[in-house]
Every structure is written in structure tokens, then in C-alpha cells.
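Below is one structure, written out as C-alpha cells; comments come after it.
2 protein chains.
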Amino acid sequence: MRLPSQTTVPARSGTQRSAIAEGILDAAERLAQTRGFNGFSYADIAAQLSVTKASLHYHFPSKADLGHALIERYSRVFAQALAAIDAHTEDAGEKLKRYVRLYDDVMSSERMCLCGMLAAEYATLPVAMQDELRSFFDANERWLTDVLEEGRRAGRLTFRESARKRAQAVLGALEGAMLVARAYGDVRRFRSTAAQVLADLGVERPRAAHA
Amino acid sequence: MRLPSQTTVPARSGTQRSAIAEGILDAAERLAQTRGFNGFSYADIAAQLSVTKASLHYHFPSKADLGHALIERYSRVFAQALAAIDAHTEDAGEKLKRYVRLYDDVMSSERMCLCGMLAAEYATLPVAMQDELRSFFDANERWLTDVLEEGRRAGRLTFRESARKRAQAVLGALEGAMLVARAYGDVRRFRSTAAQVLADLGVERPRAAHA
DNA sequence: GTCTATAGGTGGATAGAC
DNA sequence: GTCTATCCACCTATAGAC
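Chains as they are written, first to last, in this note's numbering: chain A, 1 to 211; chain B, 1001 to 1211.
Below is the structure:
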């Protein structure tokens, strides 16, 4: 992890950053997702990348800068994943299954959703990070709301209350399931809850795979 | 755990502790529930209680000791609350409503469930705290499982899957709802999700109060 | 039981050479 | 861009007087 000269990374959309900065973010992201934003230091990143702390400060002057970049990138990647889902299928049930799979992938790498993690540390975060954190949840909520609304209209999903409130409930349930499951180091625990969230919406259980 | 002279506090069940130690735990608990276990220091507690840090170390030598006492007390009080619910009603739906109210009370004091908070910091906690944390969730899961099982048997509740899995899903959903709602400083957001969790189990929405 | 004083370590962050 | 060296604030924890 040490590519000094050129940059290699296209990164057409959003903020461009050097490959080195991306590597720092990769390490910081993993630490933040496992230990929390207050649970790691520049020294931890430096050790993993075999560079000095001072070097890290060149790329991200303050930890608040690092945290900002962390959420910004995470939100951007997540938004791309949601766009990819939209591009892949029109079916609300299938969209939700794929949405759940995004969380499942995070859990499978023995991490917690970055923003779920930061939500716990909310009170200790710089104001900028607090705002960006809510924006992440807002974006998730909007996407879920649209999917739920459309799914209900198409007779694919069933639920009472507004789509928005249901979206909030789904988001919270998945975040909470990750949170608790991680204490048991048991992905199945998350999957079990996720399956129930989908079932409660009327999404049938997957019996056979359908490409 | 160090009770020199008398104690003043009745505390018939469980570990006895001085009134001073209880005061320290009160302050530490609030800090842990708002900022996380890694988000506060002995200095924070000392400032709130107008004593010195050294004084705190007399009652809780290490922070691990403090954390242990924190979970132990929280679990004990929670268990008593569950016992009180059991003593008050036989109806599974009513039990669940009261269970939700326990969480609602925590949220209303602008806190997060202590153990939900600690679950986020899981990887950074002393092993003893990790074990006690899982015990807390286990106890919740057992109680919920019994209530769900009984409620279904009595035709009061409806759900597929095993009661145990449903219990895990309910617990996770409530913890996650608290987690996210706190970022918005909005208790209603928690209540909305909690109501849906109950509704999905077939618990009717409360129309009129019934003492 | 509480205090002062302090040890020993780590946190984020900066200066300036290379 | 990365390094060495360093600053200072803060952390947990202890010694010993009162």
C-alpha cells in the first residue's frame, strides 16, 4: 500500500483524491467500522500502512477532516450501489433483497455499517460529521420510501402506515440487527432478522435463485 | 467490591454498594449512554460530582471495574423491570407494550440503551464487559421469547419463524430505532418504529387508555 | 474517603529537514 | 510527500498526606 508516483484511480464522479489518500481512507474506514471513530488513532492507521503519523496529517490535517472524507466517500459509494440496484430491476421486492444484501456484505467482512457506528458516537462527533451522518440516513430513507411506495402501488408489498415511516423502521431494524449480531460475531443472526423484515413487507422467501 | 463501613442503601438483591458509588455510577451511566464508554473519562465524572479523579479510583480502581459495575447494575435493574411487567399482567400484547415503554423512557431522557451503545464499541471493550454485554442481550432475548411463545399460543400474537428468532428481530429493531432516532433528537421516530414492530406482531394500536 | 501531586502513556497536531 | 522531532493536552492510574 504505497503507490507514490501516479494515481491510477479514475474516480470520475465526486471528489478526486490521490491513491494514497484512498489507501488511508480504506484503513481508517475499516477501523471506524470495527472500533468506532473514537476507537482508533492516527497511530493505528500509520502502523497498518507503515508510514508515520505526520505523513497522514499531510493528507488529512485533522481527524475531523478524515471523518468528513470517510462519510463523504461512504455515502457516495452507497448511493452508487442504490443506483445500480435501480438500474438492475424494477421489482420492489427484488430491490429490497438487494438492499439487504448491501448490509449483508458489510457484516460478512466483520464490520458494522459505518454510519450506524457513527450514530452511536453521535454526541462526540464534530458538527460537520453529524450533519453528513443525517444526510446519509436521509438518502437511505428517501430511496427506501420510493421503493416501498412503488412496491405497494404495484401490489408487490404490504404494509400499513406511510411509506416514509416504514422506511425509517426498515432502516433502523437493519442497523440494529447489525449492531447486536456483531456482538455475537454471527452473521446468521443478522440474516434472520433481515429475512423477517422482508417477510413482514410481504416479500416472499427466496426458494430458488433467479438470476 | 469494597464496602468499608456501613452502606445506607438497602439494595437487598444483588451487589451492595455505597451511596457514593451509586452516585458515581449514575453519572458514568448517563455519560456512557450519551457519549459511549470510550467517550468519557474519569475527569468528566469528577467534574459533574465536584470531586477529584483520584477519589473515583478509590471506588472503581480501573475503568474496566467501572464498566463492569455499569453493566451489572443496568442488567439487574432491567431484569427487575421485566419481572415487574410479568407481575403486572398476563397478556402478551400488554407485556410487549410495556417492554417498549422501557426503551421509550430511556430515549425520552435523551439517552441510548446502555448496552446498545456498548455493542457499537464492542471490539474495544475489556473481555469481561463483552461477556456481560452478551448476557444482557441473552436475558432480553429469553424474556421476549417466552412472551412471544405464550402470546402466540394464546392467539394474541401472530408471527412466522421461531419465537426466538422473532425475539432477536424485535430486540434488534428497537435498538436500531433508538440508535438512529438519537441522531435526529426525535423520540417520535423511535415511537413510530416501535409501534410498527408491535403492529407486525398483531398487537392492536392503542385507541383508548386502559389503566 | 478525599485530597494533592505525579507518573507513564497516548491522543491529535505542527515545524522543518529531506 | 514523507520523515524526525517535538508540543501540549488529556488519559488511566498510583503514592501518600490528611
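All residues carry an ideal CB built from backbone N, CA and C; glycine is no exception.
Please look up how many angstroms separate the CB atoms of B:Ala1194 and B:Leu1174, rounded, as I've assumed it's under 8 angstroms. The residue given as residue 1194 of chain B occupies position 194 in the second sequence. The residue given as residue 1174 of chain B occupies position 174 in the second sequence. About 6 angstroms; that satisfies the 8 angstroms criterion.
Can you tell me whether A:His210 is buried or exposed? The criterion is at least 16 other CB atoms within 10 Å of its CB, across all chains shown. Here residue 210 of chain A is taken as the residue at index 210 of the first sequence, counted from 1. Residue placement at A:His210 is flagged as unreliable, the pLDDT there being 48, under the threshold of 50; a coordinate-derived value is accordingly withheld.
Note down the Cα distance separating B:Thr1089 from B:Lys1095, rounded to an integer number of angstroms. What you label residue 1089 of chain B is simply residue 89 of the second sequence in a count that begins at 1. What you label residue 1095 of chain B is simply residue 95 of the second sequence in a count that begins at 1. Cα to Cα, B:Thr1089 sits roughly 7 angstroms from B:Lys1095.
Roughly how many whole angstroms lie between the Cα atoms of B:Tyr1122 and B:Tyr1099? For the purposes of this step, residue 1122 of chain B is taken as the residue at position 122 of the second sequence. For the purposes of this step, residue 1099 of chain B is taken as the residue at position 99 of the second sequence. So the alpha carbons of these two residues sit roughly 24 angstroms apart.
Given a cut-off of 9 angstroms on the beta-carbon distance, is the pair A:Arg17 and A:Leu25 in contact? Position 17 of the first sequence, counting from 1, holds the residue named residue 17 of chain A. Position 25 of the first sequence, counting from 1, holds the residue named residue 25 of chain A. Going by beta carbons, A:Arg17 and A:Leu25 fall inside the 9 angstroms limit.
Note the first and the last residue of the continuous alpha helix (DSSP H) segment covering B:Cys1113. The residue labelled residue 1113 of chain B in the question sits at position 113 within the second sequence. Where B:Cys1113 is concerned, there is no enclosing alpha helix (DSSP H), because DSSP gives it neither an H nor an E.
DSSP three-state call for A:Gly185: helix, strand or coil? Taking the first residue of the first sequence as position 1, residue 185 of chain A is located at position 185. In the structure shown, A:Gly185 adopts coil according to DSSP, grouped into three states.
Between B:Leu1082 and B:Ala1047, is the Cβ-Cβ spacing less than 9 angstroms? Working through the second sequence from its first residue, we reach residue 1082 of chain B at position 82. Working through the second sequence from its first residue, we reach residue 1047 of chain B at position 47. Contact flag unset, no.
So that I know if they touch, is there some Cβ in chain B lying closer than 9 angstroms to that of A:Lys63? What you label residue 63 of chain A is simply residue 63 of the first sequence in a count that begins at 1. Not an interface residue.
Secondary structure of A:Arg160, DSSP reduced to three states: Taking the first residue of the first sequence as 1, we reach residue 160 of chain A at position 160. Coil, per DSSP.
Taking CB distances under 9 angstroms as the criterion, tell me whether B:Thr1145 reaches chain A. As a first step, residue 1145 of chain B must be located in the second sequence, where it is residue number 145. Output row for B:Thr1145: interface = no.
Tell me which residues share the same chain as B:Asp1104 and place their Cβ nearer than 6 angstroms to its Cβ, disregarding the 5 neighbours each side in the sequence. As a working mapping, residue 1104 of chain B is identified with position 104 in the second sequence. Counting only Cβ-Cβ distances below 6 angstroms, and skipping sequence neighbours, we find nothing.
Would you say B:Lys1165 faces chain A, with C-beta separation under 9 angstroms as the test? Within the second sequence, residue 1165 of chain B is the residue found at index 165, counting from 1. Put simply, the CB of B:Lys1165 is near chain A, with a gap under 9 angstroms to one of its CB atoms.
Grab the span of the alpha helix (DSSP H) containing B:Tyr1058 for me, first residue to last. Taking the second sequence and counting its residues from 1, one reaches residue 1058 of chain B at position 58. Following the DSSP letters along the chain, one finds B:Tyr1058 inside the alpha helix (DSSP H) bounded by residues 1053-1059.
Can you look up A:Glu204 in the DSSP assignment and give me helix, strand or coil? Working through the first sequence from its first residue, we reach residue 204 of chain A at position 204. A:Glu204: coil per DSSP, three-state reduction.
Is A:Ser50 helix, strand or coil by DSSP? Sequence index remark: in the first sequence, residue 50 of chain A carries index 50 (1-based). Assigned with DSSP and collapsed to three states, A:Ser50 falls in coil, not helix or strand.
Cα-Cα separation between A:Glu29 and A:Ser62, rounded to whole angstroms: On the first sequence, residue 29 of chain A is found 29 positions in, with the first residue counted as 1. On the first sequence, residue 62 of chain A is found 62 positions in, with the first residue counted as 1. Roughly 16 angstroms separates the two Cα atoms.
Quick one: what's got a C-beta closer than 7 angstroms to B:Ala1079's C-beta in the same chain, skipping five residues either side? Reading the second sequence from its first residue, position 79 is the one you call residue 1079 of chain B. Correct list, in chain order: Ala1139.
Which two residues bound the contiguous alpha helix (DSSP H) that contains B:Asn1140? Walking along the second sequence from the start, residue 1140 of chain B turns up at place 140. Looking at the DSSP string, the run of the alpha helix (DSSP H) that includes B:Asn1140 is 1127-1153.
From what residue to what residue does the alpha helix (DSSP H) around A:Arg17 run? Mapped onto the first sequence, residue 17 of chain A falls at position 17. Segment: none, A:Arg17 is in no alpha helix (DSSP H) and carries neither H nor E.
Run through chain A and tell me which residues come within less than 9 angstroms of B:Arg1182, C-beta to C-beta. Along the second sequence, read from residue 1 onward, the residue named residue 1182 of chain B stands at position 182. The answer, in chain order, is Ala119, Ala120, Tyr122, Ala123.
Determine whether the Cβ of B:Ala1169 lies closer than 9 angstroms to any Cβ atom of chain A. On the second sequence, residue 1169 of chain B is found 169 positions in, with the first residue counted as 1. Closer than 9 angstroms to some Cβ of chain A, the Cβ of B:Ala1169 qualifies, so yes.
With 9 angstroms as the threshold, decide whether the Cβ of A:Val197 is near any Cβ in chain B. Taking the first residue of the first sequence as position 1, residue 197 of chain A is located at position 197. Chain B, which has a Cβ nearer than 9 angstroms to the Cβ of A:Val197, makes this yes.
Considering just the uninterrupted stretch of the alpha helix (DSSP H) at B:Glu1072, what are its terminal residues? Sequence index remark: in the second sequence, residue 1072 of chain B carries index 72 (1-based). Here the alpha helix (DSSP H) through B:Glu1072 covers 1063-1088.
Is B:Arg1191 near B:Met1112, with beta carbons less than 9 angstroms apart? Counting from one through the second sequence, the residue named residue 1191 of chain B turns up at place 191. Counting from one through the second sequence, the residue named residue 1112 of chain B turns up at place 112. At least 9 angstroms separates the beta-carbon of B:Arg1191 from that of B:Met1112.
Below-9 angstroms beta-carbon distance, B:Gln1130 vs any chain A residue: Indexing the second sequence from 1 puts residue 1130 of chain B at position 130. True, the Cβ-Cβ gap to chain A drops below 9 angstroms.
So which residues on chain B does A:Gln29 lean against when the C-beta distance must stay under 8 angstroms? Looking up residue 29 of chain A in the first sequence gives position 29. Contrary to the premise, residue 29 of chain A reads as Glu rather than Gln in this sequence. What A:Glu29 touches in chain B: nothing, since even the nearest Cβ is about 14 angstroms away.
To the nearest angstrom, how far is the alpha carbon of A:Gly116 from that of B:Met1129? For the purposes of this step, residue 116 of chain A is identified with residue 116 of the first sequence, where counting begins at 1. For the purposes of this step, residue 1129 of chain B is identified with residue 129 of the second sequence, where counting begins at 1. About 21 angstroms.
Compare the Cα-Cα distances from A:Glu72 to each of A:Phe137, A:Val170, A:Val180, A:Arg152 and report the closest residue. If you number the first sequence from 1, residue 72 of chain A lands on position 72. Among A:Phe137, A:Val170, A:Val180, A:Arg152, the Cα nearest to that of A:Glu72 belongs to A:Phe137.
Around the Cβ of B:Ala1054, are there at least 16 other Cβ atoms within 10 angstroms (buried) or fewer (exposed)? The sequence position of residue 1054 of chain B within the second sequence is 54, counting from 1. B:Ala1054 comes out exposed.
9 angstroms Cβ cutoff, B:Phe1078 in contact with chain A: Locating residue 1078 of chain B in the second sequence gives position 78, counting from the first residue. Not a single C-beta of chain A is nearer than 9 angstroms to the C-beta of B:Phe1078.
Taking C-beta to C-beta, are A:Ala32 and A:Leu56 nearer than 9 angstroms? Translated into the one-based positions of the first sequence, residue 32 of chain A becomes position 32. Translated into the one-based positions of the first sequence, residue 56 of chain A becomes position 56. A:Ala32 places its beta carbon 9 angstroms or farther from that of A:Leu56.
Member of A:Arg164, A:Arg156, A:Lys97, A:Gly172 whose CA lies at the smallest distance from the CA of A:Gly202: Start at 1 with the first residue of the first sequence, and residue 202 of chain A comes out as number 202. Taking only the C-alpha atoms, the option nearest A:Gly202 is A:Arg156.
Check B:Glu1094 in the structure and name its three-state DSSP category. For this step, residue 1094 of chain B is matched to residue 94 along the second sequence. B:Glu1094: helix per DSSP, three-state reduction.
Between the C-alpha atoms of B:Ser1162 and B:Gly1151, what's the straight-line distance to the nearest angstrom? One-based indexing of the second sequence puts residue 1162 of chain B at position 162. One-based indexing of the second sequence puts residue 1151 of chain B at position 151. C-alpha separation (whole angstroms): 13 angstroms.
Using the beta-carbon of each residue, which ones in chain A are nearer than 8 angstroms to B:Met1112? Walking along the second sequence from the start, residue 1112 of chain B turns up at place 112. Within 8 angstroms Cβ-Cβ: Ala120.
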